[in-house]
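Report on the structure given below.
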Amino acid sequence: MQSCQKIEESFRRLESTRNFEEPDRVPILIDVGAPFYAKVLGFTLKDYYRDLQICKHVQVEGSRWALSRLQDDRTYSISLDQARPDIGAVAEGIVFGCSISLPDEGNPWLSPWILPKLRSIEDIDDLEVPDPSNCVRSLRAHYLRAFGKEVEANEAPAIHPPCSAAGSIMGPERLYTYLYKYPDAMHKLFSKLLETFFEITDYNDRQRGGRTDSIGLCDDHAGYLSVEMYRRFVLPYNKKIYEKYGSHGRSLHMDSRTDHIAKIILDEYHIQEMDLGAATDIAKVKEVFDGKVIFNGNLDSRILVAGKARQIEEATEKCIRAAAPGGGYVFDCGGETYAGIDPERLVYMVRYAKKIGKYPIR
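With the numbering used here as the guide, the letters of the sequence shown map in order to residues 56 to 417.
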């Protein structure tokens, strides 16, 4: 009964916040990553990314840990039927045929990593938009390599929007250098990446027998650009994605700084929700998004590795006092909670947020 009551309270709290109202307290939803759960449950990243049974076990038991131990405002846990093979952040590597490093006995805490294949202007010219059905076959081959067994796959891996997709297959240093040195070549590359995004999304829709009408983009690389460069190289491509697939819902995740482009994000994309990274000035974002966009995040999760209690308290207070008044803000870390974060510090942060997040905010 108590569990049902807690879930109902969380539903009401989140509903009020999304209507830009002030509930009893600030909602708390911590984006906890599977690598964090793996370590909490006694596994390495090698265990998680190389053993399918452990991979699914971690997702299920990790979500139960969060529901019972973390006790934020999440309202469900994951069942075994809902658990999926996790490839990590390597979709572009699979789609475009890059080499991918995987954790092994010698390096059990390595995250799956793409080895960039675009190293010259000629490589950009040679890059082709792949057939999504071939991407499905490549995904199956990756599953076989990673898990040592055949795993069924019917959909192609979804890639990031052009700027971040480019960062994955050419590396961030080359990405930012080429944007300034070879703008025409980069527009050519981004056009190919946009076409790939469309081809994969439409292919997966056909496989599901539906049509995407809500879209959430993850675009970490784009936040490091100036306003001028963002308008030139990111806005035209991302806007086309939202216009094609966002008739019902639009959201954006960026772990990089976004306060300098918040007005563009609001006015051009017309998003309803945004996940903020730790580098953003949350007070500036609140000024732009207030009453228009629901947003979450911003606390720097690095303080949860070895930070003192008072540091955690101050960081929590900063986010809540700047963003929570008037509703529309959900307390969270800026970016995913990864392995290496102290579970006890994470639990302490949630408890403290509940304590000082009661409305009216003081």
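Built from N, CA and C at the ideal position, the CB exists for glycine as well.
Beta-carbon gap between residue i and residue j smaller than 8 Å
i      : j      : result
Ala408 : Val95  : no
Asp274 : Met309 : yes
Phe75  : Gly382 : yes
Phe91  : Thr335 : no
Leu100 : Pro140 : no
Val184 : Lys247 : yes
Ile337 : Ala377 : yes
Ser311 : Ile326 : no
Ile416 : Ala379 : yes
Ile176 : Tyr237 : yes
Pro217 : Leu249 : yes
Cβ neighbours of residue i in the same chain (closer than 6 Å, five flanking residues each side left out)
i      : result
Ala317 : Val340 and Val343
Gly301 : Ile270
Exposure of residue i, with buried meaning 16 or more beta-carbon neighbours within 10 Å
i      : result
Pro212 : buried
Asn162 : exposed
Tyr384 : buried
Asp387 : buried
Gly332 : buried
Ala361 : exposed
Thr232 : exposed
Tyr131 : exposed
Val87  : buried
Gln60  : exposed
Asp186 : exposed
Asn98  : Residue identity check: residue 98 is Phe in the sequence provided, not Asn. It counts as buried.
Ser188 : exposed
Contact set for residue i: own chain, Cβ-Cβ below 7 Å, skip 5 residues either direction
i      : result
Ile214 : Ala146, Glu147, Val150, Ala220, Thr251, Phe252 and Ile255
Gln126 : Val405
Neighbourhood of residue i by C-beta distance below 8 Å, restricted to the same chain and skipping five residues each side
i      : result
Met56  : Low local confidence applies: a pLDDT of 42 at Met56 is under 50, so the model's placement there is unreliable, and no value is given.
Glu116 : Tyr92 and Leu96
Arg286 : Ile319
Residue range of the unbroken alpha helix (DSSP H) whose run includes residue i
i      : result
Ile133 : Per DSSP, Ile133 belongs to no alpha helix (DSSP H) and is neither H nor E.
His308 : Taken as a continuous stretch (DSSP letters only), His308 belongs to no alpha helix (DSSP H), being part of the beta strand (DSSP E) at Gly304 to Met309.
Ile375 : Ala364 to Ala378
Leu244 : Pro238 to Arg263
Leu321 : First-last for Leu321: undefined, no H or E at that position.
Tyr393 : That residue, Tyr393, is in no alpha helix (DSSP H); it is neither H nor E in DSSP.
Pro212 : Counting along the chain, Pro212 falls outside any alpha helix (DSSP H), and DSSP gives it neither H nor E.
Gly222 : Pro217 to Met225
Leu359 : Ile358 to Ala361
Delimiting residues of the beta strand (DSSP E) encompassing residue i
i      : result
Ser269 : Ser269 to Cys273
Leu331 : Glu328 to Leu331
Phe350 : Ile349 to Gly352
Ser154 : Ser154 to Ser156
Leu170 : Trp168 to Leu170
* **alpha helix (DSSP H) segments (min. 4 residues) lying fully within the region 66–144** => 89–95, 100–105 and 107–120
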